[in-house]
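Shown next, in structure tokens, is the structure this report addresses.
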Amino acid sequence: MTAVSPEQGDLGPPGRQALRLFVRNKAAVFGALLLTAIVFMTLFGSFFYDQDPSRIIARPLQGPGEGDAPALGTDYLGRDVLAGVVNGGSTSLTVALVAVLLVIVIGVTIGAISGYYGGWIDVAFMRFTELFQVLPALLFAMVIVALFSPSTRSVAIAIGLASWPQTARLTRAEFLRLKNLEFVKAARAIGASDFRIIWQVIFPNALPPLIVSITLIMGAAILFESGLAFLGLGDPQSQSWGLMIGLSRQTFLNGWWTVTFPGLAIFATVLSFSLIGDGLQDAFNPKLRGR
Amino acid sequence: MKQITARIAWSLGLILAVIVMCFTLIHLAPGDVAIVIAGDSGAGDPEVIAEIREDLGLDQPFVVQLGGYVGDVAQGDLGTSYRFNEPVTDLITTRLWPTFLLVGTAVSFAIVLGVLVGVFTARRPENPISHGVTVFSLTGYSMPVFWTGLMLVIMFASNVRWFPVSGMRDVRLDGNWLEEWIDIAHHLVLPSITLGVIYLAQYSRLSRASMLEVLQSDYVRTARAKGLAERRVVYKHALRNAVIPVVTVAGLQFGQMLSGALLVETVFNWPGLGRLASDSVFQRDAPVLLGILICSASLVVIINILTDLVYRLIDPRIRVGGAS
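From first to last, the protein sequence lines stand for chains A and B.
When we follow my numbering, the leftmost residue of the first sequence carries the number 1088, and every step to the right adds one.
When we follow my numbering, the leftmost residue of the second sequence carries the number 2, and every step to the right adds one.
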């Protein structure tokens, strides 16, 4: 799935055209650069800013530039806010990545089978999907995480379980649209198996809208993770932007910097995915530009 | 009519399936509630635990528990909260209207302002305001909603004290109903803006897109050709059709809004369903959690049906065509 990203040059001419359109889109390029910077900070930030985010280093609640405070001030215990921001991305990004993989596996499989076979299989699968769609996602995930003890793994699974229906519906719609087109009929005529038609004939053609949607779901998953962590439903040992904000909730009126900077980090990450998603949408589908 | 009856029947089945799924899920969770309750009251001996298990019906086989629960729900009884020792139905009903008030205000604000902004930007795409709106609509839904709330509190309740920091009422207030309502409205401003901003961003973008499309359609050209004033063409003829996608999306997003309300209620200490849910999660109050899940799923189902009806009202073609 991720192997066929439009950033890679080995796609055919339509892929190259999309790449060209993407690169010309300033907002999308900005998003891609922003995301690269955030991933770089998460992976290598601690080499450049070597400070333990859980260590108490100065008087609590000192603002940026006050006394002996570090660049972004200290939190209610006297921990370094900047160190928290630098290290806080790893949990968010890991959780979002695992959750999105889960979304792809469940959503694409159910959507593809549903759309391709139709009939009672389609009805059964879509009713099953509806079951998950009527439950408010955050509430559902919250209950799962709380009941099965908060950990990075349970949070990722909960977000994945709460987010797949949208992908299933999109995949199904694409399969419904594509399955009666000439090239699929041709594949069937030469005796290709259902499995082959689904994954090698139809699926590659359903990719463009799916890639756009998955990019946006990535951003949503990060918001989702930060919301759960804010509520206190995350691994308490982990570093997470949402958790930093949640822990500072009682004291934030005495130190705006304790919630502002971690929030900006979440915002920047989600924004980068929105911008990339938008750029991809325009690149794959130039007619819809500016909509 | 037949269609609607079928939908209602199917919806009831859907809610039943939700009940079964959530009940099973909560049953599967590790940990024994009886031990938690007994431990809290300071009595850990096995006899007390066994008694509590019997009281709660936890010693029965799973299918019997499930059957009993479904039967109770059908009669409007969602069980008793482990913590509050009150009927779950009462707990939920008292917290339902603050959530409705919050979500309702936020959605109305987002739809009205979103459509106005969308129409404006569709008509004057080169206006600097329109460029600003495009940027805002992208940033609007990338902000974590709880963070937006905290930022608004810092700006408008702490730096300048225009609005209260949290809560729904001022406990010191002792006035007549009008003063009470003004007080609630005053408390409502920041939470509903917080929740509304995400949707404002989406709806302004959506209504701009649909307005651009509608303005190019034949019937708008006809209206203009007849010599109607541009204002009348836009607000009387085009707007009606441009609003349809916004209303549909808003209706379908109701579940998502409940999720957002959960976070906003936590930030602002708003006494709604979301607060109840986040409190109950930490107390592992399974009957309350189950009740909230079922109640919100039912609300989502009902709102979806209503959206469908409104949709038919706004767009007569659907009624005549009968396609849905």
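Glycine is no exception: its CB is placed at the ideal position from the N, C-alpha and C atoms.
Quantities reported herein were computed from a predicted structural model and do not represent experimental measurements.
Look at the Cβ atom of residue 1229 of chain A, then the Cβ atom of residue 1320 of chain A, and state whether they are nearer than 8 Å. Numbered from its first residue, the first sequence carries residue 1229 of chain A at position 142. Numbered from its first residue, the first sequence carries residue 1320 of chain A at position 233. Yes, the Cβ-Cβ distance between residue 1229 of chain A and residue 1320 of chain A is below 8 Å.
Quick one: Cα of residue 1164 of chain A to Cα of residue 1145 of chain A, how far? Mapped onto the first sequence, residue 1164 of chain A falls at position 77. Mapped onto the first sequence, residue 1145 of chain A falls at position 58. Taking the straight line joining both Cα atoms gives about 9 Å.
Distance cutoff 8 Å, beta carbons only. Does residue 147 of chain B sit that close to anything in chain A? In the second sequence, residue 147 of chain B corresponds to position 146, counting from 1. At least one chain A Cβ lies under 8 Å of residue 147 of chain B.
If contact is defined by three or more beta carbon pairs under 8 Å, each pair taking one atom from either stretch, is the region 263-279 of chain B in contact with the region 159-168 of chain B? yes
Rounded separation between residue 1123 of chain A and residue 16 of chain B - CA only: The residue labelled residue 1123 of chain A in the question sits at position 36 within the first sequence. The residue labelled residue 16 of chain B in the question sits at position 15 within the second sequence. C-alpha separation (whole angstroms): 44 Å.
Closest to residue 1368 of chain A by C-alpha separation, out of A:1132, A:1299, A:1327 and A:1284, would be which residue? Taking the first residue of the first sequence as position 1, residue 1368 of chain A is located at position 281. Out of A:1132, A:1299, A:1327 and A:1284, A:1299 has the C-alpha closest to the C-alpha of residue 1368 of chain A.
Buried or exposed: which applies to residue 1361 of chain A, given that a residue is buried once 16 or more other Cβ atoms fall within 10 Å of its Cβ? The residue given as residue 1361 of chain A occupies position 274 in the first sequence. Buried is the call here.
Residue 1143 of chain A - partner residues in DSSP beta bridges: As a first step, residue 1143 of chain A is located in the first sequence; it is residue number 56 there, counting from the start. DSSP output for residue 1143 of chain A lists A:1166 as bridge partner(s).
With burial defined as no fewer than 16 other Cβ atoms inside 10 Å of the residue's Cβ, what is the status of residue 145 of chain B: buried or exposed? Here residue 145 of chain B is taken as the residue at index 144 of the second sequence, counted from 1. It counts as buried.
Alpha carbon to alpha carbon, what distance is there between residue 1223 of chain A and residue 259 of chain B? Against the second sequence, residue 259 of chain B aligns to sequence position 258. Against the first sequence, residue 1223 of chain A aligns to sequence position 136. If you draw a straight line from the Cα of residue 259 of chain B to the Cα of residue 1223 of chain A, it comes to about 6 Å.
Hey, how far is the Cα of residue 1181 of chain A from the Cα of residue 1130 of chain A? As a first step, residue 1181 of chain A must be located in the first sequence, where it is residue number 94. As a first step, residue 1130 of chain A must be located in the first sequence, where it is residue number 43. Answer to the nearest angstrom: the Cα atoms are 11 Å apart.
How is residue 165 of chain B classed by DSSP in three states: helix, strand or coil? As a working mapping, residue 165 of chain B is identified with position 164 in the second sequence. DSSP, read as helix, strand or coil, puts residue 165 of chain B in coil.
Exposed or buried, what is residue 1290 of chain A when buried is set at 16 or more other beta-carbons lying within 10 Å of its beta-carbon? Translated into the one-based positions of the first sequence, residue 1290 of chain A becomes position 203. Under this definition residue 1290 of chain A is a buried residue.
Chain B residues whose Cβ lies nearer than 7 Å to that of residue 1128 of chain A: The residue you call residue 1128 of chain A lines up with position 41 of the first sequence. What residue 1128 of chain A touches in chain B: nothing, since even the nearest Cβ is about 18 Å away.
Tell me which residues share the same chain as residue 249 of chain B and place their Cβ nearer than 7 Å to its Cβ, disregarding the 5 neighbours each side in the sequence. Your numbering for residue 249 of chain B matches position 248 in the second sequence. A distance below 7 Å between beta-carbons, with the five flanking residues on each side excluded, links residue 249 of chain B to the following residues of its chain, in chain order: 308 and 312.
For residue 1261 of chain A, does the count of other Cβ atoms within 10 angstroms reach 16, so buried, or fall short, so exposed? In the first sequence, the residue the question calls residue 1261 of chain A occupies position 174. The residue is buried, with at least 16 neighbouring Cβ atoms inside 10 Å.
Run through DSSP, which three-state label would residue 81 of chain B get? If you number the second sequence from 1, residue 81 of chain B lands on position 80. Here residue 81 of chain B sits in strand by DSSP.
Identify each residue in the region 1146-1158 of chain A for which the Cβ-Cβ distance to at least one residue of chain B is less than 8 Å, and report them in chain order. Listed in sequence order: no entries.
Using the Cα positions of residue 1301 of chain A and residue 201 of chain B, report the straight-line distance between them to the nearest angstrom. As a position in the first sequence, residue 1301 of chain A is number 214, starting the count at 1. As a position in the second sequence, residue 201 of chain B is number 200, starting the count at 1. Computed Cα separation, rounded: 23 Å.
Is the region 74-86 of chain B in contact with the region 227-242 of chain B, if contact means three or more CB pairs nearer than 8 Å? Look at the beta carbons and you see the region 74-86 of chain B not touching the region 227-242 of chain B: under three pairs across the two are nearer than 8 Å.
I'd like to check one pair, residue 1125 of chain A with residue 1355 of chain A: are the Cβ atoms closer than 8 Å? Counting from one through the first sequence, the residue named residue 1355 of chain A turns up at place 268. Counting from one through the first sequence, the residue named residue 1125 of chain A turns up at place 38. Yes, Cβ-Cβ distance for residue 1355 of chain A and residue 1125 of chain A is below 8 Å.
State the CB to CB distance for the pair residue 262 of chain B and residue 104 of chain B, rounded to an integer number of angstroms; the pair is presumed to be in contact (CB under 8 Å). Here the question's residue 262 of chain B lines up with position 261 in the second sequence. Here the question's residue 104 of chain B lines up with position 103 in the second sequence. Residue 262 of chain B to residue 104 of chain B, Cβ: 5 Å. Contact.
Taking residue 20 of chain B as the reference, which of B:79, B:108, B:51 and B:57 has the closest Cα? The residue labelled residue 20 of chain B in the question sits at position 19 within the second sequence. Here the closest residue by C-alpha is B:79.
Step through the CB atoms of chain A and report whether any lies within less than 8 Å of the CB of residue 22 of chain B. On the second sequence, residue 22 of chain B is found 21 positions in, with the first residue counted as 1. Yes, residue 22 of chain B counts as interfacial toward chain A.
Check whether chain B comes within 8 Å of residue 1090 of chain A, counting only Cβ atoms and requiring the distance to be less than that. Stepping through the first sequence from its first residue, residue 1090 of chain A is reached at position 3. No answer about residue 1090 of chain A holds up, because its pLDDT of 44 lies below 50 and its placement is not dependable.
Boundaries (first-last residue) of the alpha helix (DSSP H) holding residue 1235 of chain A: Position 148 of the first sequence, counted from the start, is the residue given in the question as residue 1235 of chain A. Looking at the DSSP string, residue 1235 of chain A is not in any alpha helix (DSSP H), and its letter there is neither H nor E.
Could you name the residues of the same chain whose beta carbon sits closer than 6 Å to that of residue 321 of chain B, not counting the 5 residues immediately before and after it, in chain order? Position 320 of the second sequence, counted from the start, is the residue given in the question as residue 321 of chain B. Model confidence at residue 321 of chain B stands at a pLDDT of 46, short of 50, so the residue's coordinates are unreliable; what they give is reported in the following sentence. Hits under 6 Å: none found.
Kindly indicate which residue of A:1102, A:1141, A:1119 and A:1349 has the alpha-carbon position closest to the one of residue 1323 of chain A. Locating residue 1323 of chain A in the first sequence gives position 236, where the first residue counts as 1. The candidate whose alpha carbon is nearest that of residue 1323 of chain A is A:1141.
Taking Cβ-Cβ distances shorter than 9 Å, what residues in chain A pair up with residue 140 of chain B? Along the second sequence, one-based indexing puts residue 140 of chain B at 139. Going along chain A in sequence order, the residues near residue 140 of chain B (Cβ under 9 Å) are 1354, 1358 and 1361.
Count Cβ pairs between the region 218-236 of chain B and the region 1276-1283 of chain A that sit closer than 8 Å; are there 3 or more? no
Got a sec? Which residues, its chain only, sit under 8 Å from residue 108 of chain B by beta carbon, not counting five neighbours each side? The residue given as residue 108 of chain B occupies position 107 in the second sequence. So the qualifying residues of the chain are 197, 200, 251 and 258.
Exposure of residue 86 of chain B, with buried meaning 16 or more beta-carbon neighbours within 10 Å: Sequence index remark: in the second sequence, residue 86 of chain B carries index 85 (1-based). That one is exposed.
Can you give the beta carbon distance from residue 1352 of chain A to residue 1109 of chain A, rounded, assuming they're within the 8 Å contact cut? Here residue 1352 of chain A refers to the residue found at position 265 of the first sequence. Here residue 1109 of chain A refers to the residue found at position 22 of the first sequence. Their Cβ separation, rounded to whole angstroms, is 25 Å, which puts residue 1352 of chain A and residue 1109 of chain A out of contact at 8 Å.
DSSP beta-bridge partners of residue 1161 of chain A: Sequence index remark: in the first sequence, residue 1161 of chain A carries index 74 (1-based). Per DSSP, A:1167.
Would you list the one or two residues that DSSP bridges to residue 88 of chain B? Residue numbering aside, residue 88 of chain B sits at position 87 when the second sequence is read from its first letter. BP columns for residue 88 of chain B point to B:81.
Does residue 1174 of chain A pass the burial test, meaning 16 or more other C-beta atoms within 10 Å, or should it be called exposed? Working through the first sequence from its first residue, we reach residue 1174 of chain A at position 87. Burial call: buried.
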